Each structure stands twice: as C-alpha cells, then as structure tokens.
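Colleague:
In the numbering used here, the protein residues as written are 142 to 424.
Shown next as structure tokens:
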C-alpha cells in the first residue's frame with residue numbers, strides 16, 4: 142500500500158512537471174530560451190493552487206523548485222519553496238527521506254548565505270531523519286556531516302570540524318567508486334585547511350599531498366580544484382620553512398588558475414599576490 146501510494150505521488154509529480162514545461166510562456170517568449178529554474182519559478186503560484194489538496198505532491202514539487210534555483214539573487218525564492226516543503230512534510234509525516242533532503246538543501250542554502258545558526262539547525266534535523274529512516278543504501282549521513290563540518294569551520298569551532306572531517310574521511314576510504322574518491326579529495330583538502338588554521342602544518346601537509354594526488358588522477362593536472370589545493374599546500378610548505386616548494390606550488394596554482402579561470406577571478410588575484418609576496422621574501 143505504501144509503495145503504491147508513493148508511486149501514485151511520483152506519477153502526479155511527473156504529470157505536473159510535464160504540463161508545466163509544455164505550457165507556452167504568457168509573455169510570448171520562446172520556452173526553449175528559458176532555464177528550468179525560470180520555468181519552475183513561473184509555475185510556483187500555479188502548483189500551489191492546483192495541488193492545494195495534494196500536500197504530499199506539492200511538497201515534492203516545492204522541494205524540486207528549491208533544488209533547481211541555483212542562480213544568484215534567488216535566495217528568497219529558494220528558502221520560501223524549501224521552507225514550505227518542510228512544513229508540508231512535517232505536517233503530513235510523509236516520505237521522511239524527501240524531508241531529509243529538503244532539510245539538507247536548506248542547510249546548504251543557509252550555509253552559502255552565511256546564516257550559520259539556521260544551517261546547523263537544518264543539518265541536525267536532516268541528520269536525525271537520516272538516522273531514523275535511511276538504510277545503508279540511501280543514507281546521506283556523510284553529506285550532512287560534511288555540511289556541519291563546514292559550518293563548524295566557518296564559525297571557529299575548528300576542533301569539532303576536524304574531528305567530524307576525520308570521521309568522514311575514515312568512512313570515505315572504505316567506499317568504492319570515483320564519486321567517493323572525488324568526495325574524499327575534498328574532505329582531505331578541507332581537513333588540511335582546518336589544520337592550517339589550527340597552526341598544525343605538519344598534520345595538514347600529508348592530507349593536502351593526498352588530495353592533490355587524487356585530484357590529478359581523477360580530474361587531470363590542470364583542473365581548477367588542483368589549483369585550490371596547491372594554494373593550501375603552498376601555505377603548509379611555507380609554514381614549515383619549505384620555501385622553494387611553497388613557491389613552486391603557488392606558481393603552479395596561479396598558472397592553472399589563469400588557464401582555467403582567466404585573469405580576473407579573486408582566486409587568481411590571491412594566488413598572484415601570494416606568489417609575489419613569497420618570491421620577494423625569498424630574495
């Protein structure tokens with residue numbers, strides 16, 4: 142019965158999305174020129190009206206609206222859609238894993254907007270739902286813990302962030318597949334950056350070494366992520382007195398950054414400034 146109910150809800154969700162994307166734009170613009178985010182946003186009021194008597198379907202669609210609004214400036218729309226989805230999931234008690242996903246997405250949105258209090262609160266709700274309802278197959282525990290670790294790092298709770306990242310890394314190492322390896326490289330880099338903030342460069346360096354090695358293997362030696370980690374590793378080398386290696390890493394980070402991102406991004410400006418400072422100090 143439960144499976145049939147979920148299938149029916151999924152069918153209704155799909156039907157509404159199809160009808161929305163088939164609708165012509167009332168402004169006369171070519172729908173093909175509009176993003177999925179814009180189409181969903183334009184249909185937001187329609188879905189709330191049409192699905193008022195189907196709260197579970199409405200909750201799923203609002204969650205979809207919240208997930209696809211990634212464009213800067215849509216923060217209010219994202220929070221409104223996800224908050225309404227949260228309220229509907231909470232009131233119906235339906236689909237706790239979709240509820241979890243909404244809370245994780247809310248946490249990530251709040252984190253990007255530097256609302257750390259709400260980010261932490263939302264992540265903890267997501268973690269509770271995951272612990273109670275997820276199997277080992279559909280658990281998102283590591284993703285939730287990762288968001289919490291970022292919140293702790295940015296709020297100067299570095300010891301807690303480091304402990305959480307160490308737990309995540311240990312679990313990631315046991316996971317097969319390229320996606321897990323990419324996530325592992327990010328976790329290693331984040332923990333290394335944490336240790337640098339904690340003035341523990343000797344602990345940071347092997348983590349950053351491993352992150353660079355993984356990224357070069359998985360993404361290629363000239364991927365911008367490699368540049369970001371090289372920038373951190375340069376800081377570790379500098380703190381340890383490895384001047385030549387610090388300069389070499391920073392020079393390579395700048396070179397990759399310029400090729401991949403162009404001359405103007407803040408990272409490139411930062412890498413250029415750091416390289417000039419290190420080079421001048423080494424003379």
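We put the beta carbon where it would ideally sit given N, CA and C, even for glycine. Computed from a prediction, not measured in an experiment: that's the story for all the values here.
Take every Cβ of the region 281-293, pair it with every Cβ of the region 227-245, and state whether three or more of those distances are shorter than 8 Å.
Modeller: yes
Colleague: By the DSSP assignment, the alpha helix (DSSP H) with residue 333 in it spans what residues?
Modeller: For this step, residue 333 is matched to residue 192 along the chain shown. Residue 333 -> alpha helix (DSSP H) spans 319-338.
Colleague: Taking the alpha-carbon positions, what's the residue 180 to residue 339 distance?
Modeller: Mapped onto the chain shown, residue 180 falls at position 39. Mapped onto the chain shown, residue 339 falls at position 198. Here the model assigns residue 180 a pLDDT of 46, short of 50, so the residue's position is not dependable and the matter cannot be decided.
Colleague: Between which two residues does the alpha helix (DSSP H) harbouring residue 300 extend?
Modeller: Within the chain shown, numbered from 1, the residue matching residue 300 stands at position 159. Where residue 300 is concerned, the enclosing alpha helix (DSSP H) stretches over 299-314.
Colleague: What do you reckon, are the CB atoms on residue 359 and residue 394 nearer than 8 Å?
Modeller: The count along the chain shown starts at 1 and reaches residue 359 at position 218. The count along the chain shown starts at 1 and reaches residue 394 at position 253. No, the Cβ-Cβ distance between residue 359 and residue 394 is not below 8 Å.
Colleague: Would you kindly report the start and end of the unbroken alpha helix (DSSP H) that includes residue 249?
Modeller: Counting from 1 along the chain shown, the entry for residue 249 is found at position 108. Taken as a continuous stretch (DSSP letters only), the alpha helix (DSSP H) holding residue 249 covers 237-253.
Colleague: Between the beta-carbon of residue 292 and the beta-carbon of residue 252, is there less than 8 Å?
Modeller: Here residue 292 refers to the residue found at position 151 of the chain shown. Here residue 252 refers to the residue found at position 111 of the chain shown. A contact, by the Cβ cut-off of 8 Å.
Colleague: Residue 367 to residue 356, Cα distance in whole Å?
Modeller: The count along the chain shown starts at 1 and reaches residue 367 at position 226. The count along the chain shown starts at 1 and reaches residue 356 at position 215. Residue 367 and residue 356: Cα-Cα distance of roughly 6 Å.
Colleague: From residue 290 to residue 223, what distance separates their C-alpha atoms?
Modeller: As a position in the chain shown, residue 290 is number 149, starting the count at 1. As a position in the chain shown, residue 223 is number 82, starting the count at 1. Taking the straight line joining both Cα atoms gives about 22 Å.
Colleague: Nearest-angstrom Cα distance between residue 374 and residue 348?
Modeller: Mapped onto the chain shown, residue 374 falls at position 233. Mapped onto the chain shown, residue 348 falls at position 207. Cα-Cα distance, rounded: 9 Å.
Colleague: For the alpha helix (DSSP H) containing residue 262, name the first residue and the last one.
Modeller: Within the chain shown, the letter at position 121 stands for residue 262. Segment 257-274, the alpha helix (DSSP H) holding residue 262.
Colleague: Rounded to whole angstroms, what is the Cα-Cα separation between residue 102 and residue 246?
Modeller: No statement about residue 102 is possible, as the shown extent of the chain runs from 142 to 424 and does not include it.
Colleague: Counting only the same chain and skipping the five closest in sequence on each side, list residues whose C-beta sits under 7 Å from that of residue 323.
Modeller: Here residue 323 refers to the residue found at position 182 when the chain shown is read from its first residue. Within its own chain, the residues whose Cβ lies closer than 7 Å to the Cβ of residue 323, once the five positions on either side in sequence are excluded, are 359, listed in chain order.
Colleague: Assuming contact is defined by CB atoms lying nearer than 8 Å, are residue 263 and residue 248 in contact in what I supplied?
Modeller: Translated into the one-based positions of the chain shown, residue 263 becomes position 122. Translated into the one-based positions of the chain shown, residue 248 becomes position 107. Taking 8 Å as the Cβ cut-off, residue 263 and residue 248 qualify as a contacting pair.
Colleague: Rounded to whole angstroms, what's the CA-CA distance from residue 422 to residue 269? Just pull it up for me.
Modeller: Start at 1 with the first residue of the chain shown, and residue 422 comes out as number 281. Start at 1 with the first residue of the chain shown, and residue 269 comes out as number 128. Cα to Cα, residue 422 sits roughly 50 Å from residue 269.
Colleague: Suppose you measure from the CA of residue 424 to the CA of residue 385; what does that come to, to the nearest Å?
Modeller: Walking along the chain shown from the start, residue 424 turns up at place 283. Walking along the chain shown from the start, residue 385 turns up at place 244. Between residue 424 and residue 385, the C-alpha separation is close to 11 Å.
Colleague: In three-state terms, what does DSSP make of residue 122?
Modeller: Since the first residue shown for the chain is 142 and the last is 424, residue 122 is missing from the structure and cannot be characterised.
Colleague: Report, in whole angstroms, the separation of the C-beta atoms of residue 456 and residue 352, which I expect to be a contact under 8 Å.
Modeller: With the chain covering only 142 through 424, there is no way to say anything about residue 456.
Colleague: Run the CB neighbour count on residue 326, radius 10 Å, all protein chains shown included, and call it buried at 16 or more, exposed below.
Modeller: One-based indexing of the chain shown puts residue 326 at position 185. A residue is called buried once 16 or more other Cβ atoms fall within 10 Å of its Cβ, and residue 326 is buried on that count.
Colleague: From what residue to what residue does the alpha helix (DSSP H) around residue 280 run?
Modeller: Along the chain shown, one-based indexing puts residue 280 at 139. That residue, residue 280, is in no alpha helix (DSSP H); it is neither H nor E in DSSP.
Colleague: Let me know the secondary structure DSSP gives residue 341 once reduced to three states.
Modeller: Working through the chain shown from its first residue, we reach residue 341 at position 200. In the structure shown, residue 341 sits in coil (DSSP, three-state: anything other than H, G, I, E or B).
Colleague: Which residues bound the alpha helix (DSSP H) around residue 296?
Modeller: Position 155 of the chain shown, counted from the start, is the residue given in the question as residue 296. Segment: none, residue 296 is in no alpha helix (DSSP H) and carries neither H nor E.
Colleague: Residues in the same chain with beta-carbon distance under 7 Å from residue 261, minus the five sequence neighbours each way, listed in chain order, please.
Modeller: Sequence index remark: in the chain shown, residue 261 carries index 120 (1-based). Taken in chain order, the residues that qualify are 289, 292.
Colleague: Just the Cα atoms here: how many angstroms apart are residue 217 and residue 259?
Modeller: Here residue 217 is taken as the residue at index 76 of the chain shown, counted from 1. Here residue 259 is taken as the residue at index 118 of the chain shown, counted from 1. Each residue's Cα considered, the two are about 14 Å apart.
Colleague: At what residues does the alpha helix (DSSP H) containing residue 223 begin and finish?
Modeller: Counted from its first residue, the chain shown places residue 223 at position 82. Run containing residue 223: 216-233, per the alpha helix (DSSP H) assignment.
Colleague: Tell me whether the beta-carbon of residue 398 lies closer than 8 Å to the beta-carbon of residue 362.
Modeller: Position 257 of the chain shown, counted from the start, is the residue given in the question as residue 398. Position 221 of the chain shown, counted from the start, is the residue given in the question as residue 362. Their beta carbons are not under 8 Å apart, which means residue 398 does not touch residue 362 by this criterion.
Colleague: Measuring CB to CB, does residue 266 end up less than 8 Å from residue 220?
Modeller: The residue given as residue 266 occupies position 125 in the chain shown. The residue given as residue 220 occupies position 79 in the chain shown. Contact: no.
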